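J.: One structure, pasted below without further comment.
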Amino acid sequence: MKILHSCFALLAFSFFINCEMKPVDDVYGLSPEETNQLFAGLIANQSLRDNGNGTITDVITNLIWQKCTHGQVYRAGFNDCLGAPQGSIYNPYDSNRAGAIQVAFCDSKTHACNSISFPQVLQGFSSIGILGTSELYAACQNSNFLGATWRVPTPIEFQRLVIPGRAATLQFFPSIQEEDYWTAWSNQDDLPGETAFAISFDRQSYGVQRSVVKTQRNYVRCVRQGP
Numbered sequence: 145m146k147i148l149h150s151c152f153a154l155l156a157f158s159f160f161i162n163c164e165m166k167p168v169d170d171v172y173g174l175s176p177e178e179t180n181q182l183f184a185g186l187i188a189n190q191s192l193r194d195n196g197n198g199t200i201t202d203v204i205t206n207l208i209w210q211k212c213t214h215g216q217v218y219r220a221g222f223n224d225c226l227g228a229p230q231g232s233i234y235n236p237y238d239s240n241r242a243g244a245i246q247v248a249f250c251d252s253k254t255h256a257c258n259s260i261s262f263p264q265v266l267q268g269f270s271s272i273g274i275l276g277t278s279e280l281y282a283a284c285q286n287s288n289f290l291g292a293t294w295r296v297p298t299p300i301e302f303q304r305l306v307i308p309g310r311a312a313t314l315q316f317f318p319s320i321q322e323e324d325y326w327t328a329w330s331n332q333d334d335l336p337g338e339t340a341f342a343i344s345f346d347r348q349s350y351g352v353q354r355s356v357v358k359t360q361r362n363y364v365r366c367v368r369q370g371p
């Protein structure tokens, strides 16, 4: 019996020894994940160049972005997007919008405003038997800013703008709206075609890609390929 008690005592002692709290090494500075994000942001931010004419060039992808959100007016003398008169027909409501206009991807919750093949890209005509009109397509297609031809960006192109982080993006796009911005792609996983992709520029969900009903109104920033 004494031998049995001795065995239990030894097992209990071993348990507490093994369960003893181990010292935790202090980790200073950024985690590896945070460091990677920081470097990715710095690299992406360095690739953006303000042309001083209302456009921003990504020198890596050779994409040229409009500095102003659709509806805002570029002021050359200030290199900003505050040219829309306050309280005018162009800027009737919230002065923080600086004239920014929200548009719908399509007036139909179908594939009437995009191609059927993948990726399902926004277009100005219907590939199905249902007619549809796209304010989003017209917003960039009808923009004659600097005499160039503009289009709606893809989700991949838009993601390059959010990599540096919100503060860095605001340096190049100071009048950006803290809401969703449309992309040119319909949601391919949505068989009826009711939704399309948008990128959030909200503080709480910055850079998140969302599936949004096509008839909902969101902002748009136009882009084009450089020479």
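Residue numbers are given in the numbering used here: position 192 of the sequence shown equals residue 336, and the series is strictly consecutive. For each residue, glycine too, the CB sits at the ideal point set by N, CA and C. Being a predicted model, the structure only gives us computed values, none of them experimental.
1. In terms of alpha-carbon separation, which member of 246, 277, 366 and 243 lies closest to residue 305?
2. Using 10 angstroms around the beta-carbon of residue 357, count the other beta-carbons present and answer buried if the total reaches 16, otherwise exposed.
3. What first and last residue would you give for the alpha helix (DSSP H) that runs through residue 300?
4. Quick one: Cα of residue 313 to Cα of residue 370, how far?
5. Is the region 190 to 209 close to the region 285 to 298, with three or more CB pairs under 8 Å?
6. Helix, strand or coil: how does DSSP classify residue 210 here?
7. Distance check for residue 299 and residue 260, CA to CA, integer angstroms please.
8. Do the CB positions of residue 201 and residue 193 come within less than 8 Å of each other?
9. Taking the CB atoms as reference points, tell me whether residue 330 and residue 214 lie closer together than 8 Å.
10. Could you tell me how far apart the beta carbons of residue 265 and residue 325 are, in whole angstroms, since I believe they sit closer than 8 Å?
11. Could you compute how far the alpha carbon of residue 341 sits from the alpha carbon of residue 220?
12. What does DSSP give as the partner residues of residue 335 in its beta bridges?
13. Cβ of residue 296 within 8 Å of Cβ of residue 328?
14. Taking the alpha carbon of residue 349 as the point to measure from, which residue in 262, 322, 280 and 359 has its own alpha carbon closest?
15. Quick check: what's the CA-CA separation for residue 337 versus residue 253?
16. Considering residue 283, what are the terminal residues of the alpha helix (DSSP H) in which it resides?
T.: In short, the structure shows the following:
1. Taking the sequence shown and counting its residues from 1, the one referred to as residue 305 is at position 161. Out of 246, 277, 366 and 243, 366 has the C-alpha closest to the C-alpha of residue 305.
2. Residue numbering aside, residue 357 sits at position 213 when the sequence shown is read from its first letter. By the 10 Å Cβ count, residue 357 comes out exposed.
3. For the purposes of this step, residue 300 is taken as residue 156 along the sequence shown, with counting starting at 1. First-last of the alpha helix (DSSP H) with residue 300: 299 to 306.
4. On the sequence shown, residue 313 is found 169 positions in, with the first residue counted as 1. On the sequence shown, residue 370 is found 226 positions in, with the first residue counted as 1. Between the alpha carbons of residue 313 and residue 370 lies a distance of about 20 Å.
5. Touching, per the Cβ criterion.
6. As a first step, residue 210 must be located in the sequence shown, where it is residue number 66. The three-state secondary structure of residue 210, taken from DSSP, is strand.
7. Residue mapping note: residue 260 aligns to position 116 of the sequence shown, counting from 1. Residue mapping note: residue 299 aligns to position 155 of the sequence shown, counting from 1. Cα to Cα, the separation comes out at about 17 Å.
8. Within the sequence shown, numbered from 1, the residue matching residue 201 stands at position 57. Within the sequence shown, numbered from 1, the residue matching residue 193 stands at position 49. A contact, by the Cβ cut-off of 8 Å.
9. For the purposes of this step, residue 330 is taken as residue 186 along the sequence shown, with counting starting at 1. For the purposes of this step, residue 214 is taken as residue 70 along the sequence shown, with counting starting at 1. The answer is no: Cβ separation not under 8 Å.
10. In the sequence shown, residue 265 corresponds to position 121, counting from 1. In the sequence shown, residue 325 corresponds to position 181, counting from 1. Not a contact, Cβ separation roughly 16 Å.
11. Numbered from 1 along the sequence shown, position 197 holds the residue referred to as residue 341. Numbered from 1 along the sequence shown, position 76 holds the residue referred to as residue 220. Straight through space, the alpha carbons of residue 220 and residue 341 are spaced by roughly 32 Å.
12. The count along the sequence shown starts at 1 and reaches residue 335 at position 191. None, per the DSSP bridge assignment.
13. Walking along the sequence shown from the start, residue 296 turns up at place 152. Walking along the sequence shown from the start, residue 328 turns up at place 184. Closer than 8 Å, so yes.
14. Walking along the sequence shown from the start, residue 349 turns up at place 205. Nearest C-alpha to residue 349: 322.
15. Residue mapping note: residue 337 aligns to position 193 of the sequence shown, counting from 1. Residue mapping note: residue 253 aligns to position 109 of the sequence shown, counting from 1. Between residue 337 and residue 253, the C-alpha separation is close to 6 Å.
16. Here residue 283 refers to the residue found at position 139 when the sequence shown is read from its first residue. Where residue 283 is concerned, the enclosing alpha helix (DSSP H) stretches over 279 to 285.
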